[in-house]
Structure formats: C-alpha cells, structure tokens
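Chains as they are written, first to last, in my numbering: chain A, 3 to 520; chain B, 3 to 520.
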C-alpha cells in the first residue's frame, strides 16, 4: 500500500512538472435568465430640423470625416499627432465650444472641450484622435488619402486608417452636434469632451488628463459617451458596457554575463560553443503557454479572474442568439477557420469576454531578408499584450510573469512594460445606458447588450476614478481596425443592412436628446 | 515489490518525456599523442624576381583588391553578381589564362579558368566571388567603397564587405600569380580555377559546376588550393583540413485549417478565441533544444556523429596549446564573455569542431516598430542553420527535424530547406598539405593544423566527388566575416605580428612553387 502511494506520488510529481496540468479557466453559468433589451421602450423624440440639416449638408459632413482621416496621427511614430490635436480643438471652437484647448502631457497632447448649453444635464464624451501605424503591405489605397470607393461590396465606403477606429464615428458625432446647434440654436446638454492622442500606445497619460479635469468632469451627471460604428453586417448592434484592461510588454534576450554575443552578431559556426540569445528567447516564450499557445502556464495568472456575476450572465444569455447568428460571418471576415479547439456559442463568447489573453504582437532579431545568412545574432525582442479581465491588474500580471520567468531560470530575459491599465465596466441599469438602448429601439434595433468588449480602452478612469458610467453608442458599419484597408460605409448598397453616415448622424441627434431627458 | 517496480516505471516514463535526458555529445580522446608540424622541413625555394615584382607593384596590387571589393556581389539579393563574375573572368584573361569563361547555372554563374603552363603538376583553385548582405547598422564606412583606414589599431587596413571573406585573399593570390608570370615567364604549375557566386547561399549549384568540369578537374594531380587570410592576431596560423557541412532551412507558422488567421493580422483581443501562429512557432522552436538552447532534442540528431579518429585526435592534441593561447582573445573579439557552460581548452575546441549545431539566424513576424501595436499576426518565419559533421548528411538531418516536429504535433509548422551539403576533410599526410605546411615553416610559422573549420564550404565536391585533397592556405590577417566592419590588414603597425599583403603575396609565390615540386 505504501508502495502504491509512492507510485502515485512519483507520478504526480512528474506530471506536475509539465505544463499539461494548467487548464484554461472555465466560466460555468448559474442562471439561464436572459436580459432582453426589447423590453426597453423606444425613444419617442423627433428632431426634424436637425435631421433636415444633416440631409442638406451631407457632402460637407463627409468632407469633415475625410479631412480628419487625411490628417496623419500615428502616435507610435509621432507622425502628425499635434496637427491632429489642433484640428480637433479648432473643430470644437467652430462648433461653439466655449473651451477648446490642447492639454500638454509628457508625450502627445490631450484635447479638452467644454460646451455650455446652460442645461441641467452634462455629458462627458471620450475621444481618441490617434491611429495605429500603417501595415507595410496589404493596403489597396493610400491609407491617408481619404479615398472614397464607389464600388465596394457594401456600397460607397471611405477607406483610410482611422475610418472606423475612431476618427470616423467621432467626426460623425460632431457632425450631429453641429446639426442640433444649427437647427435648434444650442445643444440640450452641456458637453465635456476629453480626447487623448495615445490610445494606441495604451493611454499612458490619460489618467493625468483626467486628474487635471477631475473636478469639472465630476459634474457630468449624464455619464460618459463614446461614439463608435456599432452595427454588424446583419444590421444588429452589439453594445458593450465595458472593456478589458491591457498590459503591453517586451521580452528581450541579449548576450551577456550568462553567455552569448554582447554587442553584435557573430558567425553562426560559433553556435557550437556560444550561447544563442534567440533560442533562449524562444524557450522563455514557450514557457509562458501550453504547446498549442492557448493556455497561459504562468502560475497564478488566472487566479484573480472572477466568475461572471448575475447581471453579466443574464447579458451573455441575452446576446447569445445574436452572437451565434454572427459567428460564421465574424470568422469569415477575420479569415479564421474556427475558434480555438472548435468552440462555439456560449463557450466562445464567454472565453472571448471573460478570459484573459497572452498574445505575441511581434518578434524580430537577426536576418530576415531573402535567402540565407549564417549568423548568431546578439539580440532578439518580442512584443506581447495581455488583455485583463476583472479582477486582474497590470501590476499583478507583470509581477507573475516576471516571477515565472525567474522561477524557470530565465533571469537573463529582460521584461519591459510599455503600458498597462485595468478593465472597466458599467451596469445596464444606468439611466445613460437605458437612454442609448431606447434610441437603438427607435431605429428598429434591439441591441445585443454585452457586459464588455474584448478590446481595451482606459475607461477605468471614468468607472473607477470618477465613479461614472460610460457607454459606447452609434449605428453604421466599419471594419479593419488595426489592419489594412480599414473602412466605414458612407452609403450602403440597396439590400445592405447597415446604416450610412447620414442615418448615423441622426441617431446621435436622438441620443443626445434622449440623455438630456433621462 | 511489484508496486515499487511500478513506481520506478512511472517515474521513468515521466522523466523520459522531458528534454533533460538528451545530452550534448561528448568526445573522449583515446590518445595523448600530438601532431607536430615543426617536424615538417621548411620550404627552401627562393624566387627573388617575383618578390621584387611584388614590391615594385604594391600600389597596383592594392588597387586590384579595392576594385574587387568595390564591385557589389551580394548573392542573396542578386546585387552586382554577374558584374563580379565578369570582372573575375576578365582578370584571368589578363593574367594569361587560356580559358576564362562564365558558366551559367540556374541562378548565379560560375567562372572557369584554365592556365596551361605545360607543367607536370596541375592544381585546382577554389574561389567564391559572392559576399554576404550588408547589416543595416554597425558599419563605420560604406561597405562597398573600398576604404583604406590609415589609423586602425592594427595599422593600415582595407575595410569593406568581402575584404577577408573571400575577395581579399583571392585577389591577393592572383596578384602573386601575376608576379610569377611577369618575373618568370609562366607559372610552374597548370591551374584549373572554378569559382562560384553562391557560396553565401549554401553553394546550391557548385555540384553542377563540378560535374560539368569533372573530367578536366580529375587531372588536377596537385589537389585543390583555397586562398584565405590564415593568421591569428598572435601571428600564428590555424590550418584547416576540412569543413563542416550545412543545412539551412526556414520554419514557418501561419493560420489555416488548424486555426489562426489565414491571410492577415487581426485585432489582438481575438487571442481569447483564436489560435496564434507566433506562439505556435515559439513552441516548435523551443521543442528543438534544451532550455538553454544548447542541446538539440531532436531524437537521433546526434546518432550519426562519429568520434574523432586517431589522426584527428593527434591534430587536436597538437593545436591545443595554440587554441588555448588564443581563446581569451577570440572571446574578446567576438564580444562573448565565455563559451557555453564555461568550457575551455580541449573540451571547447572539440565541441567547436566535432559537434553539430542548431542555430536561429533570424526570426520575424508581426509588429517590430516603436511603441505598441496590438495585433494577432497571421504569419511568423524563422531561419535556421545546422552545421554538419561526419557522418551527418543534410537529408538525414532534415528528415529527423521534420519527424520530430510531426511527432510533437507540429504538423502545422512548415519546414523549407534553402540549402544543404555534407562535410568534407583531407588527410594531413597528403603531399599538397605537406607542401603548404613547409611553406609556412619557411616564414617562421609552425601552423596549428586543425582537422577542420567550424564553418562550412562545399569542399565535398572535391573530397567526395573528385576524390582529391583540398587545403586552404595564406598568411595575413582579416576579421569581421559575416559582420559589420569586415577588414584585412594591408600594412601592419610596427609590433603587430601579422603579415601585410606584400608578404602574403610572396607566400603564395612560394606555395605555388612548393606544390610544383611536391
């Protein structure tokens, strides 16, 4: 009997030394109740003068969007950023914002704007005016030409970096404000707008901007609005009540006291007696996940993830039919044959929204040209991001990864954090959220209300620091964020189920009024 | 008792599943006898007229070398290659080679030359006229300007791509032939010269060139000579009687039926439900070696390596003092603090020359610019080379790596061989080798005679296909092959222990005569 126990013990020890034992977190549901947005009454307001202004000024409004996407603003490459900030501030001034100013940070400036309508309700608006770098291959048009394509499969589209993420919907929102002001004399709400130019860098200084205007922003009793193109190809809307957090870091291997070339590549024949930083980095990276790359083997990395609460489970149950209807189209548009392990439906959406990630954004080192070059390079670097879910934090995640690397003997691998912020979320019960849902309902859309996006934004500054709800809102369609050939639909083809930009502007006219009446 | 056996069995199974068990091959010696090149009689010939010609034409001879390194010939980038081939053929014609012609291959042309001296002895000369691509950073001069630096630490040097690998020593050899022809009317040997323009690509078509001239080359009863800068900084010479082979291949991971994005990068938030080709490639690479990157864990990869034979052991025992004297300087010039695991002396040189390697020459995929970009890239690629020792073959090595990847489940990782050839070696007892050693002895140098280089060249076409010995020969000093700031010494500073190019040319005058008398 003792021997059998020993056998089991030995076996357990051996197995626990492998990565196979770590499992992806599962999120078992405790309720089948589903949130139903169809029970929210449609918004009943009609704002004919503003709608007419939008119809009459369509060409100028499209040009506004083109002007924005033509202005480069690649934050990672400091390309056109301050010019874009100035363009945004000038546009706010032109709209009648009493305050419109650039706010210096340690890197790219923020933009603060205040529109004083003398109204009871004040809303805050989050904007980001920076964009991702341009992919060297894959673009069918000049990414900064503001090209209108007449014959896109979806109709007339604007194809440009920033078209959908996020200059397009933001300038469309300002077009809507212009329409209200011109048609009605003033807005029905006061607006505090705080834009950043570093969202694509992980928003390192947005907390500073928030801190500077915190006393003002706390007066925003209507909550925070984030304009975006909300429709799927099927015409539906997936509302998201929150975002994941993010930590972005680099891992670097270079020759040093532990071995390997310190300062320059050497002839590859020396591999027989010289340590290789590249193979070392590959080992360190491999130690972070299971062999399929899908389970994070960093001890404790999953521990702080909380299970979905009652509201979140009801929201997921509510959006599941829409997710399932859209799943194949989503895979097709991504060029992905299947989700991990062939999962679908509730398992897929729950993993998507409630699980953390570890992703390699890029890796480089040594020779990458054509043909052969036989070198032992001295330095290799890889970029990673991890999307954080409640209750993960960037500090804890970084600490766990560093501790894991050290425990595995990878003390020679350098870890440098480039950015990080925690997740954020608002409740569906917030009046702001209910007003937005009511507006969708007016447009015949019953939104799928998701507890959060799988993507990241620094909403924690609103939800955690200012203690106010934030919600994204908008109709219309865009695609290709962070990818070549990003676009938004300007005029959908007949039969297409998404709104064009004129309708998207009318939607924002309604949202602003709905929030004023909340 | 049965349970204890079960325990042991379970334990053994578990341990054998890990990489820790695979060990680096060891090469225990069975003899302490040492080869002593000092027992070879110095060459006694004097060729005063040729020496005087070399002294009188120093400036023109330096210009010949500059002209060669200024002519770009980057085989991997098809940059200047055919122009360099034409320059070589024209130079042979000018020297009085009866035959001098470009020989087409499927890619870059070879160059064949025949000098008919009506002599009893015919030697073959191997040349390569191509060079490595230029490193984007690290060069202190234009790599193709043929810059003479007056104030280098070693004296007057020529700094350029190809200065030492191999245009410099090759053109110096031709300068020496010119001196003999001008001073003595003709060469004392017939010469068959066969150059390739694809050495840096792994010599894919050199076998075709050899096959085309095999009947002629078999008449080269003197063997094959390969000119190179043979001295170390201490003034000594390490002769190498052979080379390792090489297999160069790429591993590539891309989304497909197994999961992951097929055609373009996607937003990194999708990592929660989409497989990642990059993490998958890291796992495949990590599976090839031990955690320190230094033991190849591909089953059977070491099996065909034969132990050093009696002659090889004696040669190693003979060169060990020179290796040990040079070891610290070698590490310093490479920017390497120590060899793998801190090994030194016989262990280090034996691993260097008798062990195979697996080296990652480069890796790339995704975003490598400044700052952060959050993408899940669809494709990652890494380049590898493995140096092959007797009795490894490229085919067997590739088969084992592919089989290992498949066995580990990495059937989704694509392996593409870019080049490959087996190792080669000549015996120290060959008359050609003895003639070269005798010439070094005349110059006061007792060479360290190594059984092989750790680097690779396609000498198997001579040793295995034509069944003739090949030896590299030359004095003078160069450094920086396959690296920035490659150079050769033109005129050494007083106190420097290496020869300048004038002396290097006189050495070749002697070698050619010594071989004629062998």
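By construction, the Cβ of each residue, glycine as well, lies at the ideal position given by its N, Cα and C atoms. Given the structure is predicted, the values throughout are model-derived calculations rather than measurements.
Among the options, the one whose alpha carbon lies nearest that of residue i
i: residue 388 of chain B; options: B:403, B:380, B:381, B:379; result: B:403
i: residue 301 of chain B; options: B:477, B:409, B:152, B:129; result: B:409
i: residue 241 of chain A; options: A:464, A:23, A:440; result: A:440
i: residue 236 of chain A; options: A:265, A:357, A:325, A:172; result: A:325
i: residue 328 of chain B; options: B:476, B:450, B:383, B:356; result: B:450
i: residue 382 of chain A; options: B:367, B:378, B:375; result: B:367
i: residue 280 of chain A; options: A:380, A:297, A:82, A:59; result: A:380
i: residue 61 of chain B; options: B:125, B:24, B:312, B:150; result: B:150
i: residue 255 of chain A; options: A:247, A:298, A:267, A:461; result: A:267
i: residue 67 of chain A; options: A:155, A:499, A:165; result: A:165
i: residue 39 of chain A; options: A:431, A:491, A:503, A:494; result: A:431
i: residue 486 of chain B; options: B:339, B:299, B:138, B:416; result: B:138
i: residue 365 of chain B; options: A:292, A:283, A:350; result: A:283
i: residue 223 of chain A; options: A:27, A:196, A:470; result: A:470
i: residue 193 of chain B; options: B:453, B:305, B:50, B:227; result: B:227
i: residue 27 of chain A; options: A:350, A:417, A:91; result: A:350
Cβ-Cβ distance between residue i and residue j below 8 Å
i: residue 419 of chain A; j: residue 251 of chain A; result: yes
i: residue 444 of chain A; j: residue 44 of chain A; result: yes
i: residue 507 of chain A; j: residue 161 of chain A; result: no
i: residue 264 of chain A; j: residue 337 of chain B; result: yes
i: residue 320 of chain B; j: residue 37 of chain B; result: yes
i: residue 478 of chain A; j: residue 231 of chain A; result: yes
i: residue 530 of chain B; j: residue 173 of chain B; result: The first residue shown for chain B is 3 and the last is 520, placing residue 530 of chain B beyond what the model contains.
i: residue 447 of chain B; j: residue 245 of chain B; result: no
i: residue 438 of chain A; j: residue 428 of chain A; result: no
i: residue 105 of chain B; j: residue 131 of chain B; result: no
Neighbour list for residue i in chain A, Cβ cutoff strictly below 8 Å
i: residue 375 of chain B; result: 78, 134, 135, 202, 363, 364, 385, 484
i: residue 282 of chain B; result: 294, 295
i: residue 372 of chain B; result: 78, 79
Within chain A, the residues that residue i reaches when beta carbons sit closer than 9 Å
i: residue 353 of chain B; result: 274, 275
i: residue 339 of chain B; result: 257, 258, 259, 260, 261, 262, 264
i: residue 285 of chain B; result: 284, 287, 288, 291, 292, 293, 294, 295
Simplified DSSP assignment, three categories, for residue i
i: residue 4 of chain A; result: With a pLDDT of 35 at residue 4 of chain A, under the threshold of 50, the modelled position of that residue is not reliable, and the figure given next carries that caveat. Residue state, collapsed to three classes: helix.
i: residue 355 of chain B; result: helix
i: residue 175 of chain A; result: helix
i: residue 453 of chain B; result: coil
i: residue 9 of chain A; result: Any answer about residue 9 of chain A is weak, because its pLDDT of 37 lies below 50 and its placement is not dependable; what the coordinates show is given next. Helix, per DSSP.
i: residue 421 of chain B; result: strand
i: residue 414 of chain A; result: coil
i: residue 127 of chain B; result: strand
i: residue 464 of chain A; result: helix
i: residue 361 of chain B; result: strand
i: residue 291 of chain A; result: strand
i: residue 261 of chain A; result: strand
i: residue 22 of chain B; result: Any answer about residue 22 of chain B is weak, because its pLDDT of 48 lies below 50 and its placement is not dependable; what the coordinates show is given next. Helix at residue 22 of chain B.
i: residue 202 of chain A; result: helix
i: residue 15 of chain B; result: Any answer about residue 15 of chain B is weak, because its pLDDT of 36 lies below 50 and its placement is not dependable; what the coordinates show is given next. It is helical.
Proximal chain B residues relative to residue i, where beta-carbon distance stays under 9 Å
i: residue 325 of chain A; result: Simply none; closest approach about 11 Å.
Beta-carbon neighbours of residue i, restricted to chain B and to distances below 8 Å
i: residue 389 of chain A; result: 270, 271, 273, 274
i: residue 393 of chain A; result: By Cβ distance, chain B contributes nothing, its closest Cβ being about 17 Å from residue 393 of chain A, past 8 Å.
i: residue 359 of chain A; result: 270, 271, 273, 274
i: residue 190 of chain A; result: The premise fails here: residue 190 of chain A is roughly 35 Å from chain B at the closest Cβ pair, so nothing lies under 8 Å.
Near the ligand GDP: residue i beta-carbon under 7 Å from a heavy atom
i: residue 210 of chain A; result: In the structure shown, the ligand GDP is absent, as is every other ligand, since no ligand is present at all.
Contact set between residue i and chain A, taken where Cβ atoms lie within less than 7 Å
i: residue 235 of chain B; result: Going along chain A, no residue has its Cβ under 7 Å from residue 235 of chain B, so there is no contact; the nearest lies around 16 Å.
i: residue 543 of chain B; result: No statement about residue 543 of chain B is possible, as the shown extent of chain B runs from 3 to 520 and does not include it.
Residue i: contacting residues in chain B (beta-carbon distance under 7 Å)
i: residue 369 of chain A; result: 363, 364, 385
When you check each C-beta in the region 452-465 of chain A against every C-beta of chain B, which residues fall closer than 9 Å? Within the region 452-465 of chain A, the qualifying residues are 455, 456, 457, 458.
Output needed in chain order: residues of the region 287-319 of chain A with a Cβ under 9 Å from some Cβ in chain B. Under the 9 Å Cβ criterion, the region 287-319 of chain A contributes 287, 288, 289, 290, 291, 292, 293, 294, 295, 296.
Looking at chain A, which residues of the region 244-269 of chain B have a Cβ within less than 9 Å of any of its Cβ atoms? Residues 246, 248, 250, 257, 258, 259, 260, 261, 262, 263, 264, 265, 266, 267, 268, 269.
Please list, in chain order, the residues of the region 110-143 of chain B that have any C-beta partner in chain A closer than 8 Å. Taking 8 Å as the Cβ-Cβ cut-off, the region 110-143 of chain B approaches chain A at 134, 135, 137, 140, given in chain order.
Members of the region 150-177 of chain B near chain A, C-beta cut-off 7 Å: Answer set for the region 150-177 of chain B: empty.
At a Cβ cut of 7 Å, what residues of the region 413-439 of chain A count as close to chain B, listed as they run along the chain? Within the region 413-439 of chain A, the residues whose Cβ lies closer than 7 Å to some Cβ of chain B are 420, 421, listed in chain order.
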